[in-house]
Each structure stands twice: as C-alpha cells, then as structure tokens.
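Okay, so the sequence shown: first residue is 122 according to my numbering, each after it adds one. Where a beta carbon is used, it is the ideal one built from N, C-alpha and C, also for glycine.
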Amino acid sequence: MDIGCGAGNNTLKLRQVYGKPFASDLLDLSAPMLERAKQRVSDAGIDAVTTWHADLREAELPKEGYDVVLAAAVLHHLRDDEDWRAAFEKIFSVLRPGGSLWITDLVVQETVPVQELMWSRYGDYLEGLGGVEYRDKVFEYIDREDSPRPVTYQLDLLRRVGFAHVELLHKNSCFAAFGAWKE
Numbered sequence: 122m123d124i125g126c127g128a129g130n131n132t133l134k135l136r137q138v139y140g141k142p143f144a145s146d147l148l149d150l151s152a153p154m155l156e157r158a159k160q161r162v163s164d165a166g167i168d169a170v171t172t173w174h175a176d177l178r179e180a181e182l183p184k185e186g187y188d189v190v191l192a193a194a195v196l197h198h199l200r201d202d203e204d205w206r207a208a209f210e211k212i213f214s215v216l217r218p219g220g221s222l223w224i225t226d227l228v229v230q231e232t233v234p235v236q237e238l239m240w241s242r243y244g245d246y247l248e249g250l251g252g253v254e255y256r257d258k259v260f261e262y263i264d265r266e267d268s269p270r271p272v273t274y275q276l277d278l279l280r281r282v283g284f285a286h287v288e289l290l291h292k293n294s295c296f297a298a299f300g301a302w303k304e
C-alpha cells in the first residue's frame, strides 16, 4: 500500500529494489495523480494494481491486508495529535503480522533553537531554488496546511499504537526516513 502515492514514485522504487513483481494498492486524494501512478506502476510490470481514491483515515482498507505500507511526504498533512494517532492506528491495523511501514517526510525539531536553525537552512535552500517569493510561499503553505511532528514524537507514537520495533534510518535538516515493524 502506497499512501498518498502521488505519481507512484515510491512504489516504482520498491519494485526496482525488490526486483520481482508484486501486487500494489495505491491511495491518493487526487484522482489525476492516482491515474498517473496506476499507469506508471502498470508499465513497470506490476500487474495487480488496486487504486483507492480516498483519505487514509476514511478508506475502508482490508484489515491485515498488506505486507508493506509506504508513506512519503504525506503524513505531515495530518492536523492534530488525534489525527496522527488515528492514522498510525489505521496503518497498524492494515499491516499483516511481520509487516512494515516506511515513512519519509517533513519533520520538525523538538527544541526551538535547533528548529530555527533547520528552518533557516531549509529557507536558504528554497530561496536558492526559486527566490525569496518561492521560499515565503512554501513556508506560508506549511504554516497553513501542515503540522509536521518531530521524529521522536512519531517513533514514540508508532510504539504506542502497537509497533514492536521502530528504526530511524536517516534524518537531515527537516526531513527524515524511518520504519516500523508489526509482530
């Protein structure tokens, strides 16, 4: 299951790394992105593709129906602690025993000075990409639409909802990659 699949990039990367065909479910709020992902994933040799045009929190996904759940650049859109808990509980419920969750996403820091430094560095990066207006537009969007959480918050919450093991794979500035396993 690829949550917030966009154009299917993460499912395609998994296919490349895994090296064998597998069934894939794609979930996204955007119908055009979902169709694009379905086409790209099918073209890559993944024959069994199911699409879910839905919000993760409302989709009626099969209990213990997945070995792997991918969530890339999507969970930071959750609004509050209740949303975060509900989303992680939902993901836990759809994973089979032995299944794993892989997250790559925008994160914030726990301490104000470190957050300010990381946000400043991210701002410099954005400014280099598209100028001051672009940087300000991205930051305004994040302030209005997103509520990223620290990695430690997310790892602790994953444990609280039942994941047996969690692992931070990589963290750089305001982005992190981490996983969780269900026993």
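Asked                                                                                             : Found
Span of the alpha helix (DSSP H), counted from its first residue to its last, around D264         : 233–266
Cα-Cα separation between L148 and W173, rounded to whole angstroms                                : 5 Å
Test item: CB-CB of W223 and G300 under 8 Å                                                       : yes
Under the three-state DSSP convention, the category P183 falls into                               : coil
For A158, three-class secondary structure by DSSP                                                 : helix
The segment 249–259 in contact with the segment 186–193 per 3-pair CB rule at 8 Å                 : no
Close Cβ partners of D176 (< 8 Å) along its chain, the five nearest in sequence each way excluded : L150
Given A194 as reference, the closest of E179, P153, R136, I124 once Cα atoms are compared         : I124
Sequence-distant residues of its chain with Cβ nearer than 6 Å to R217 (five each side left out)  : E185, D188
Euclidean distance between Cα positions of N293 and A208                                          : 24 Å
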